[in-house]
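A.B. asks: Here it is: the structure, laid out below.
Take a look at the structure:
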């Protein structure tokens, strides 16, 4: 790497962290209506920041739902490729708040880590590319390729706005590669490129027994408790080995070839690591698949939330009228979210005894994503990783989804480069989310190297 | 009944309801620490009221937990019996608040009913006896028997204070009968005397899977979701017919004789009434027992509260670290709460897979209550009911418990007269609790008649 750029980046570290901390202080939780203004504030901050580093056509796109920010630099020349960089500045809710060691929106550096909600997912990883572009512009006055940014504020709540925007602005967004950094690598010295992501389907369930809450003394023994009925229904959704029991659930699932299983077996992420990262007392799940296969290539059904009856301190001897659950399925190629909604809904109704009624509301779905990993931009990213991390990346499938990547793939017809800079223990969606600062600094250099590699294609 | 007293009672109705409404405005929820001052305020109100109607030795007993109020009138003469009247002025929590048609602590008369938390359980039913004593004192200047009141503020949260107080003050409280009105009759013209009450055991359960909440994309398929594990454990506590599956749970249960089953079969409370009162789509529970038997003579295990993961509006695709439940067992003679705690705790641990851990905390227990219904004070109550309601009471077992009755029975060695004035649809422990005002007025006359009947013994 250019010595001037290296010197610049070494000197810039404290300022880069300070700027990221300013962005992280904005509690831009897109899933909670009360934080709508905060999501907008994070968009405004980003717009102003992109403007300040020399990008052009900087635009805050506000369609009334959640905002997005677009910016570009298109002076590399028409013979140079164009890279579209995607990220998101909205974040997950923060409960349970009492488990955070420092407040989620008061970013704090402890040791090598920066703690805050969004530090890794995805303000921090988005900032990697912003700081790479800034470094190139400040030290050389130009970029080796044309660059476009499209950063959204609705990733954690369904990406509806951007999903409608991209097809309507295909020409504006045209690119030779789309870069997404919203995933994790295996270790600080072991980068990863993902060639597949799981999709998702989420739903809310309400079980209703009696018309109103009842005194358990006066009615206990004659009425089916809604909490109990819900527990009985939910308990029937998995067999003892962790397989989902919904009839037809696995019918569309892509079968792994022996060759692909061999590739995935190279990923150094096994049972011991899952246990270490999760703190669980034992592993769970389909015994005929490895952890990497279960996370990347097998669908799930999770109970993300469950509640009913009296849940405050103290006691109330009530038979609740209603009990509720929020469930979600992680989907793999080639499962269709609409078909999964039909199957799960039908099975939940089938499991419901005549003593209660059930209401199942599918809320949103997105299919899984799969891309060929021999595409030139993906190989360019692999070379960039190798230069900065000193190791070849491993190629693997990942369990989380990024709703917009399917839209990018189908509308822009460009390879999607999923290069992450998070670590498995970054506590995404959980208390004490953090970003490993050495990954932040190496990420910026990798992004610079990637833009140079893209210029050679 | 004495015509002067009848005229007095007819004229006094609006004032009696106004006074009860004043007491009901105090949100004396003993199970919630935030309402501690309100429980005290309800005790102070009661103390002042008992003083104002001419009772003596009126004392607010404050031992630092929840207060009680004692008062007496002992001038009937040493040859006359003494009646101890028990009640409670603490009330249940009010959630879900949005289901109340009028605010729970803004009492409102609609039609024949007075709506408020505590209207029936138990301020209203306690007030029946206070107004009966007041009426006798105001119209005759005396009572036919010696009367003592002991009214507590901790019934809904375990009656610990009174349970310690009664054995230490056996001489002060000595009585020939203890009257408790904290139960319901079958219909406005069908009184009931209870000869048994269920006991209770309550516990809190926490299931812990991973050490912290996890992203369901990154870990889903490899980790046992705590909500799911809790649902699976709770679902295993009943068989498909509603029998509790805890080994040994029914071992100590009193077996009903054919004679007693015939007595209970006379109670006009069947499946249709349970469905009408509960609004449930179908009956539940042990098919080999009638609803009256299931409620009175069979133990239960209920999930009063259950929660885990993300339970706010919106979605969070989390694998929760912990899930929680509050459970309670209604116990029957001769089940021992300590033994039930052992059995349930052991079975919960046995049901827990190696993928999660469980913590079970028994919080309190009280045994069931059973009394012979041929005791003279109970027969006196039956005659009083007949005079006012025009029908003989039926004798039955009830499902709710009143923790202190066992203590009264063992310490005072006096028959416990369980004469209720509530109705089955009073919505105890639920939104829109109410007291049927004709029951209130008839209750006052029945209490007057009972004191006269006691004087004849």
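Chains as they are written, first to last, in our numbering: chain A, 1 to 457; chain B, 1001 to 1457. Every residue, glycine too, gets a C-beta built ideally from N, C-alpha and C.
(1) Could you give the residue range of the alpha helix (DSSP H) that holds residue 113 (chain A)?
(2) Nearest chain B C-beta to residue 73 (chain A) closer than 9 Å, yes or no?
(3) Since residue 1148 (chain B) and residue 1060 (chain B) should fall inside the 8 Å C-beta cutoff, what is the C-beta to C-beta distance between them, to a whole number of angstroms?
(4) Does any residue of chain A bring its CB to less than 9 Å from the CB of residue 1434 (chain B)?
(5) If the criterion is Cβ atoms closer than 9 Å, does the pair residue 1396 (chain B) and residue 1193 (chain B) meet it?
(6) Residue 130 (chain A) and residue 423 (chain A) look like a contact to me (Cβ under 8 Å); what is the Cβ gap, rounded to whole Å?
(7) For the segment 1335-1409 of chain B, which segments carrying the beta strand (DSSP E) assignment without a break, of at least 3 residues, lie completely within its bounds, in sequence order?
(8) Please state whether DSSP places residue 301 (chain A) in a helix, a strand or coil.
(9) Check the Cβ-Cβ distances between residue 32 (chain A) and every residue of chain B, and say whether any is below 9 Å.
(10) If you draw a straight line from the C-alpha of residue 1317 (chain B) to the C-alpha of residue 1213 (chain B), how long is it?
(11) Enumerate in chain order the residues of its own chain whose CB-to-CB distance from residue 1053 (chain B) is below 6 Å, with the five nearest sequence positions on each side excluded.
(12) Check this for me: beta carbons of residue 235 (chain A) and residue 1116 (chain B), under 9 Å apart or not?
(13) With respect to the beta strand (DSSP E) encompassing residue 326 (chain A), which residues constitute its N-terminal and C-terminal limits?
(14) For the structure I just gave you, are there three or more beta carbon pairs, one from the segment 24-31 of chain A and one from the segment 88-105 of chain A, closer than 8 Å?
(15) For chain B, find out if any of its Cβ atoms is closer than 9 Å to the Cβ of residue 54 (chain A); answer yes or no.
(16) Below 8 Å on the Cβ atoms is my guess for residue 171 (chain A) versus residue 412 (chain A); work out the distance and round it to an integer in Å.
(17) Kindly indicate which residue of B:1095, B:1217, B:1143 has the alpha-carbon position closest to the one of residue 1451 (chain B).
(18) Specify, as a first and last residue, the run of the beta strand (DSSP E) that residue 420 (chain A) falls within.
(19) Identify every residue that forms a DSSP beta bridge with residue 206 (chain A).
(20) Kindly say whether residue 1126 (chain B), judged by its beta-carbon, lies nearer than 9 Å to any beta-carbon of chain A.
(21) Would DSSP call residue 294 (chain A) helix, strand or coil?
(22) Going by beta carbon distance, what residues of the same chain come within less than 8 Å of residue 5 (chain A), once the five residues before and after it are set aside?
(23) For residue 72 (chain A), report the span of its beta strand (DSSP E) as first-last.
(24) What span of residues does the alpha helix (DSSP H) with residue 128 (chain A) cover, start to end?
(25) Return the bridge partner residues of residue 149 (chain A) from the DSSP annotation.
(26) Under 8 Å, CB to CB, which of the residues in the segment 1403-1434 of chain B have a partner in chain A?
(27) What does DSSP give as the partner residues of residue 434 (chain A) in its beta bridges?
(28) Tell me, which residues are paired with residue 1143 (chain B) by DSSP?
(29) Should residue 1068 (chain B) be labelled buried (16 or more other beta-carbon atoms within 10 Å of its own) or exposed?
(30) Which of the three DSSP states is assigned to residue 172 (chain A) in this structure?
(31) Using beta-carbon positions only, say whether residue 297 (chain A) and residue 331 (chain A) come within less than 9 Å of one another.
(32) Touching or not, the segment 1263-1279 of chain B and the segment 1400-1408 of chain B, by the rule of three or more beta carbon pairs under 8 Å?
(33) Of all the residues that make up the segment 1207-1241 of chain B, which are near chain A by a beta-carbon distance shorter than 7 Å?
(34) May I have the straight-line CA-CA distance separating residue 201 (chain A) from residue 1095 (chain B), to the nearest angstrom?
(35) Might you give, ordered along the chain, the residues of its own chain that have their beta carbon closer than 6 Å to the beta carbon of residue 118 (chain A), omitting 5 neighbours on each side?
(36) Around the C-beta of residue 121 (chain A), are 16 or more other C-beta atoms found within 10 angstroms, so that it is buried, or is it exposed?
C.D. replies: This is what the structure gives:
(1) For residue 113 (chain A), no alpha helix (DSSP H) segment is defined; the enclosing uninterrupted segment is the beta strand (DSSP E) at 113-115.
(2) It does not: the Cβ of residue 73 (chain A) has no partner Cβ on chain B nearer than 9 Å.
(3) About 15 Å separates the two Cβ atoms, so there is no contact after all.
(4) Taking Cβ atoms only, chain A never reaches closer than 9 Å to residue 1434 (chain B), which makes this a no.
(5) The answer is yes: Cβ separation under 9 Å.
(6) That pair is no contact at about 20 Å.
(7) If only complete runs of 3 or more residues are kept, the segment 1335-1409 of chain B shows the beta strand (DSSP E) at 1357-1366, 1394-1398, in order along the chain.
(8) In this structure, DSSP gives residue 301 (chain A) a state outside helix and strand, which the three-state scheme calls coil.
(9) Yes, residue 32 (chain A) counts as interfacial toward chain B.
(10) The straight-line gap from Cα to Cα measures roughly 10 Å.
(11) Same-chain partners within the cutoff: 1134.
(12) Result no, Cβ atoms of residue 235 (chain A) and residue 1116 (chain B) do not sit closer than 9 Å.
(13) Segment 322-331, the beta strand (DSSP E) holding residue 326 (chain A).
(14) Yes, since at least three Cβ pairs between the segment 24-31 of chain A and the segment 88-105 of chain A fall closer than 8 Å, the two stretches touch.
(15) False, the Cβ-Cβ gap to chain B never drops below 9 Å.
(16) The C-beta distance from residue 171 (chain A) to residue 412 (chain A) rounds to 10 Å, too long to meet the 8 Å contact threshold.
(17) Comparing Cα positions, the closest option is B:1143.
(18) Counting along the chain, residue 420 (chain A) sits inside no beta strand (DSSP E), nor does DSSP assign it H or E at all.
(19) Beta-bridge pairing links residue 206 (chain A) to A:324, A:359.
(20) Taking Cβ atoms only, chain A never reaches closer than 9 Å to residue 1126 (chain B), which makes this a no.
(21) Helix.
(22) Result list for residue 5 (chain A): 135, 136, 139, 140, 448, in chain order.
(23) Looking at the DSSP string, the run of the beta strand (DSSP E) that includes residue 72 (chain A) is 68-73.
(24) Counting along the chain, the alpha helix (DSSP H) containing residue 128 (chain A) begins and ends at 123-140.
(25) Looking at the DSSP output, residue 149 (chain A) shares a beta bridge with A:71, A:85.
(26) Per Cβ criterion, the list reads 1424, 1427, 1428, 1429, 1430, 1431, 1432.
(27) Residue 434 (chain A) is bridged to A:115.
(28) Its beta-bridge partners do not exist; DSSP assigns none.
(29) Looking at its Cβ environment, which holds 16 or more other Cβ atoms inside 10 Å, residue 1068 (chain B) is buried.
(30) DSSP places residue 172 (chain A) within a helical segment (H, G or I) once states are collapsed to three.
(31) At the C-beta level, residue 297 (chain A) and residue 331 (chain A) stay beyond 9 Å of one another.
(32) Using a C-beta cut-off of 8 Å, the segment 1263-1279 of chain B makes no contact with the segment 1400-1408 of chain B, since fewer than three inter-stretch Cβ pairs fall below that distance.
(33) Of all residues in the segment 1207-1241 of chain B, 1209, 1210, 1211, 1212, 1213, 1214, 1215, 1216, 1217, 1218, 1219, 1220, 1221, 1222, 1223, 1224, 1225, 1227, 1228, 1231, 1232, 1234, 1235, 1238 have a Cβ within less than 7 Å of some Cβ in chain A.
(34) Distance between the alpha carbons of residue 201 (chain A) and residue 1095 (chain B): 32 Å.
(35) Excluding five sequence positions before and after residue 118 (chain A), the CB atoms of its chain that fall closer than 6 Å to its own CB belong to 24, 91, given in chain order.
(36) In this structure residue 121 (chain A) is buried. Its beta-carbon is surrounded by 16 or more other beta-carbon atoms within 10 angstroms.
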